[in-house]
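In full-length UniProt numbering, the protein residues as written are 1 to 145. Here a beta-carbon is modelled for each residue, glycine too, at the ideal position from N, C-alpha and C. This structure is a prediction, so every number in the text was calculated from the model and none was measured. Take a look at the structure set out below.
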């Protein structure tokens with residue numbers, strides 16, 4: 001199974017931005033919907049965020065569980081959520097929330113692929129402007145390779 005499929009991508013067009021914890025909950029819920037994690041993963045995401053911010057720069061946050069959450073991960077997968085209005089993520093503007101779950105340290109490879117995309121401002125702009133889920137998946141396609 002690819003780590004990212006169209007069903008795991010959400011585009012929000014409304015003006016009201018959720019809170020950071022609401023955005024994390026949505027990212028975890030998508031991972032849970034595809035069977036990648038159990039319900040225990042969201043609390044582990046919150047716990048991780050207490051010790052270190054998952055804000056990465058360029059409007060990106062990558063919430064993920066603590067090392068203790070390994071039992072909650074059933075398969076490697078991503079969730080991708082784009083918000084029309086930036087979320088306040090500890091004083092930083094976030095428009096992209098990428099939930100990540102990785103089995104056997106696979107998340108490290110996935111993270112590096114996401115980091116490459118988001119280190120390119122043209123790619124970030126393309127993700128911002130992408131008209132639909134298919135366009136976003138096309139830009140992020142490398143994560144499945």
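Boundaries of the beta strand (DSSP E) in which residue i is found, first to last residue
| i | result |
| --- | --- |
| residue 79 | 77 to 89 |
| residue 55 | 55 to 57 |
Continuous alpha helix (DSSP H) stretch holding residue i: start and end
| i | result |
| --- | --- |
| residue 93 | Careful: residue 93 lies outside any alpha helix (DSSP H), inside the beta strand (DSSP E) at 92 to 101. |
| residue 9 | Note, residue 9: premise wrong, no alpha helix (DSSP H); beta strand (DSSP E) at 9 to 11. |
| residue 42 | 41 to 51 |
| residue 64 | Residue 64 -> no alpha helix (DSSP H), and no H or E assigned at all. |
| residue 5 | Taken as a continuous stretch (DSSP letters only), residue 5 belongs to no alpha helix (DSSP H), as it is neither H nor E. |
| residue 133 | 133 to 139 |
| residue 112 | 106 to 118 |
Exposed unless 16 or more other CB atoms sit within 10 angstroms - verdict on residue i
| i | result |
| --- | --- |
| residue 70 | exposed |
| residue 108 | exposed |
Selection from the options that minimises the alpha carbon distance to residue i
| i | options | result |
| --- | --- | --- |
| residue 9 | 133, 105 and 115 | 133 |
| residue 23 | 85, 124 and 97 | 97 |
| residue 110 | 85, 122 and 62 | 62 |
| residue 7 | 44, 34, 51 and 17 | 34 |
| residue 5 | 118, 103, 130 and 78 | 78 |
Proximity below 9 Å, CB of residue i to CB of residue j
| i | j | result |
| --- | --- | --- |
| residue 139 | residue 101 | no |
| residue 118 | residue 60 | yes |
| residue 80 | residue 65 | no |
| residue 131 | residue 83 | no |
Distance between beta carbons of residue j and residue i, contact taken as under 8 Å
| i | j | result |
| --- | --- | --- |
| residue 20 | residue 87 | 6 Å |
| residue 76 | residue 37 | The Cβ separation is near 10 Å, so there is no contact. |
| residue 55 | residue 90 | 6 Å |
| residue 67 | residue 124 | The pair is not a contact, with the Cβ atoms about 29 Å apart (cut-off 8 Å). |
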